[in-house]
Each structure stands twice: as structure tokens, then as C-alpha cells.
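Asker: Below is a structure I'd like to ask you about.
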Amino acid sequence: MRLTLAIFLFISAPVLAQRTDAGLKCKYSGTDFIYDCVIRLSRGGEPLSGAQVSVGADMPSMPMAHSIKPVKARPGTKPGEYEARLDLEMQGEWAVKLRISGPVRDRVVKKVRFD
Amino acid sequence: MDEYAIGVLTNIGLFSFVALSAWLLLVAGELSFGQQAFFGVGAYAAGICTAMLGWPLPLAALAAMALGAAAAALVGLPTLRLRGLYFAMATLAAAEMLRILFELFHWQIALGDERIGPDGTQGFRGIRWMFERGVEPLDFLAIVWILLIGVMVIFLRIENSRLGATLRALGHDPELARSAGIDVDRLKLGVVAAGGALAALGGALFAHHNTYIEPRNFDIMLGVHSLAYGLIGGLGTVFGPLLGVVLDIGVLEATRSLHGYRMIVFGGLVALLLVFRPRGLLDERAVHWIKSRL
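Protein chains in written order, with the working numbering: chain R, 1 to 115; chain C, 1 to 294.
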């Protein structure tokens, strides 16, 4: 394993400058607390395809108590589009966390209200 | 190790900081429902330092700890005159005031084509110091646990020192401790400040793990849980709050199939435990029993 304490060096330069933009739309699947979500990723205005996207979520008021196990998103129908099914514990506002790996590595958090 | 397991272990480590800070006050005889506020102070302070001011994380974490200690001392100065439930209520009120201040706190700067910084109820995005330096989740887990073990070693040394005995005496009977020549007010203020610094360190790491924080992360739920960790795990040893966090997260993870009802199940288990073991699983008697057999 890389020497983790190396990151504690006081001088270290960022390795990522450009950030990933993410759009997220979720709709009720018809089963309680289960939602089908479409994620649109882009970088520098261009759709980001071929990435591995893991989707997790937690409730802001208790991130540890109410969280869901991350699921892997599958590629969607359009470039830069991914789909994932979220099985939440309850309705309300959730912080949906996208962990992106593959051609780029990034992490995006989106706040979504599930009703 | 898969991403989920790393996440669970990281959460256990992160919440152990705030659990230890609440435990420290419990040992000194004070019930605080407000440690989540200093966790929040640390998260915001460290986030501002790295994301907006460009400081390195270690410096930001130190600044967060100093600010957490100062905020806790500021809350402690007027509230430590109170006793028992009155102190508990005062800490809760102070924590809620701080949370509302986070909701009113707007300070953003332009970095490239986006604005970074606290944006009231919308939260604070882009705390990416760790992430932008390519720190993998497993690396971050190691950092959290190295720091946590370091804190626990310090606590263990204190526990076996004169200061530890003084703290226990203070927790059992402050008047008796005062009559034995202990400067109770000063010691309690020191404990409160140390608890604030510790919670703030946890908050600083939490903010950088999450990359996003918002005022609701630091509400009463976290305060109740952090206090419960010490009470469940036990007040007899520094391992108590850690055991509390492991049991809490373990039970919550094991009862996932119960969906939203699992918090009710968990609450019931905590209530039962506190009826039968009011000072937690690893209380003073249990610790003495274990030590006598080692």
C-alpha cells in the first residue's frame, strides 16, 4: 500500500483540476422506497462515457444511521448516461453520492428529495 | 476489501472521535448533548481552510482543533456552572444555536468556474483536498484509524496517570474532589476544551471524507448517538465508546432488512441495555474484572 502518511506532507499538489458535472433524475418505481435514477455525467461540457459509477446515499441528518449500500450504475441509452436503482429506507431528502472511476476519478454529491 | 466495508469501517473511525469526546465529558461527570456542534465546527473550519484558503490538510486539522477547543470552552464557561440535566440542556441549546449559525453562514469564493464555500442550508460542497491528491478510500481509512489509535493511546496513558484518577474523582463527586484541593472549574473547562478539539478533529476528517457537509449533518441525532456510544460501550475504559460505535453501526448494518424500523429496534435495545447496565457494557466493575484476569 502506498505510504498513506505521505498525503500528510505539507506540500502536495492536486492531481485533478477539472471536475465532473452530474445531473440526476429519479422516479418512483411503483414499489415502496425504490426509485429508478438516471445520471448524466459530463466533463468540460462533453458527455462522460465509459466510467464506472457507484451510487450511494445517506440522509443528511444521520449519515451513518440512514444510508444505503452503494450500487453500481449501468450505462444508459445516451452518451454520458447511467442508470441505477436505489432502494431507500424512507422518503425525504437524501444526499446521493456518485463515486466515479475509470477514465476519470471523481466524487459528486447531489441532494435529492424523494417523495 | 470492498468499497462498502471500507465505508463502514471509516464511519466507525470517524464517529469514534465524537464518541470519545462525549465519553471524556461523561467520565468527568458531565452529560453533553452538544458534541456534534464541535464536530461541525471542525468540519466547516477544516473545509474552509483547505478548499477556500488552500491550506494543507494537517494545518487545517490543527486549526479546526484549535477552533473546536475555543468554541467548546466558550460554551463551557457559562454552562459549567450548571449541573446534571441543566448542563445537558444548555449544551443542546448551544449546539442548536451553532447549527442555526451554520444555516445562516454564507461565504463563497470563485474558484475557476464555480463557487466554493458554505452556502447556508445548501451546504458546503467541494471539500476535495484528499480526493484531489489521489487518496484512495483504503488510504483514508488508514489515516483515520492511525489518528484514532494515537488518540486512544494518549487516553490510555492519561487513564493510568494521576490526571486520570483526578478525572474519575471529579466525575464521581465534584464537591469531594474540590475539598481534596482539585481546581474543579479549571479541570472541567480543560476537559470541555479537549472534548471540543477531539470532536473537531473528527469533523475535519468527516468533511474531507464526504467532500460535502451541511448543517443538518450536525443536528441532535448525532449528539444523542455520540452520547449513547459511551453509555452503551461503557464508562470504565476508553475502549467503551469505540465498542459503542461498533455495536451501534453493527446493529444498524445487521438490521438493514428492517428498513426504517431498524432505528426503533435499535432504540429499544439501547433502552434495555441502559436498564440492566446503566454505566455500559465495559463499566468500571467489568474493566476491573477483566484486568484482574489478565
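Idealized CB from N, CA, C, for every residue including glycine.
1) Does any residue of chain R have a CB that is nearer than 8 angstroms to the CB of Phe17/C?
2) Give me, in chain order, the residues of the same chain whose beta-carbon lies closer than 8 angstroms to that of Leu306/C; leave out the 5 immediate sequence neighbours on both sides.
3) One question on the structure: do Asp106/R and Arg19/R come within less than 8 angstroms of each other, judged by their Cβ atoms?
4) Residues of chain R with CB under 7 angstroms from Tyr212/C, in chain order?
5) Would DSSP call Val15/R helix, strand or coil?
6) Any C-beta of chain R sitting closer than 8 angstroms to the C-beta of Arg125/C?
7) State the start and end residues of the unbroken alpha helix (DSSP H) segment that holds Leu227/C.
8) Rounded to the nearest angstrom, what separates Ala37/C and Arg99/R at their Cα positions?
9) Can you say whether Gly56/R is buried or exposed, counting buried as having 16 or more other CB atoms within 10 angstroms of its CB?
10) In the DSSP assignment, the beta strand (DSSP E) including Gly23/R goes from what residue to what residue?
11) In chain D, which residues lie with their C-beta within 7 angstroms of the C-beta of Lys69/R?
12) Measure how close the beta-carbons of Ala51/C and Trp129/C come, nearest whole angstrom, since I'm counting them as under 8 angstroms.
13) Can you check whether the CB of Pro215/C is closer than 8 angstroms to the CB of Arg125/C?
14) What did DSSP end up calling Ser257/C once you bin it into helix, strand or coil?
15) Tell me which residues share the same chain as Gly102/R and place their Cβ nearer than 8 angstroms to its Cβ, disregarding the 5 neighbours each side in the sequence.
16) Report the residues of the segment 165 to 187 of chain C with a CB closer than 7 angstroms to any CB of chain R, ordered along the chain.
17) In chain order, what residues of the same chain have a beta carbon less than 7 angstroms from the beta carbon of Gly171/C, not counting five sequence neighbours either side?
18) For the ligand SAM, any of its heavy atoms closer than 7 angstroms to the Cβ of Val270/C?
19) Would you mind working out which of Leu189/C, Trp145/C and Ile182/C sits nearest Gly7/C, comparing C-alpha positions?
20) Rounded to the nearest angstrom, how far is the Cβ of Gly233/C from that of Pro241/C, given a contact under 8 angstroms?
21) Does the pairing of the segment 85 to 99 of chain C with the segment 217 to 231 of chain C give three or more beta-carbon distances under 8 angstroms?
Answerer: Walking through what the data contain:
1) Chain R, which has no Cβ nearer than 8 angstroms to the Cβ of Phe17/C, makes this no.
2) The question about residue 306/C has no answer, for chain C in this structure spans 1 to 294.
3) A contact, by the Cβ cut-off of 8 angstroms.
4) Correct list: Ala95 and Val109.
5) Because Val15/R sits at a pLDDT of 49, beneath the cut-off of 50, its placement in the model cannot be relied upon, and the point is left open.
6) Output row for Arg125/C: interface = yes.
7) For Leu227/C, the enclosing alpha helix (DSSP H) covers residues Ile220 to Gly233.
8) Going from the Cα of Ala37/C to the Cα of Arg99/R covers about 28 angstroms.
9) With 16 or more other Cβ atoms within 10 Å, it is buried.
10) Segment Thr20 to Tyr28, the beta strand (DSSP E) holding Gly23/R.
11) The chain labelled as chain D is not found among the protein chains of the depicted structure, namely R and C.
12) Their Cβ separation, rounded to whole angstroms, is 7 angstroms, which keeps Ala51/C and Trp129/C in contact under 8 angstroms.
13) No, the pair does not count as a contact, with Cβ atoms beyond the cut-off.
14) In this structure, Ser257/C counts as helix in the three-state DSSP scheme.
15) Cβ within range, chain order: Gly50, Ala51 and Gln52.
16) Cβ contacts with chain R: none found.
17) Excluding residues within five positions, the ones whose Cβ falls inside 7 angstroms are Val27, Ala28 and Gly29.
18) The ligand SAM is not among the ligands present in this structure, which contains no ligands whatsoever.
19) Cα-wise, what sits closest to Gly7/C is Trp145/C.
20) The C-beta distance from Gly233/C to Pro241/C rounds to 5 angstroms, short enough to meet the 8 angstroms contact threshold.
21) In short, these stretches touch, since the Cβ pair count reaches three.
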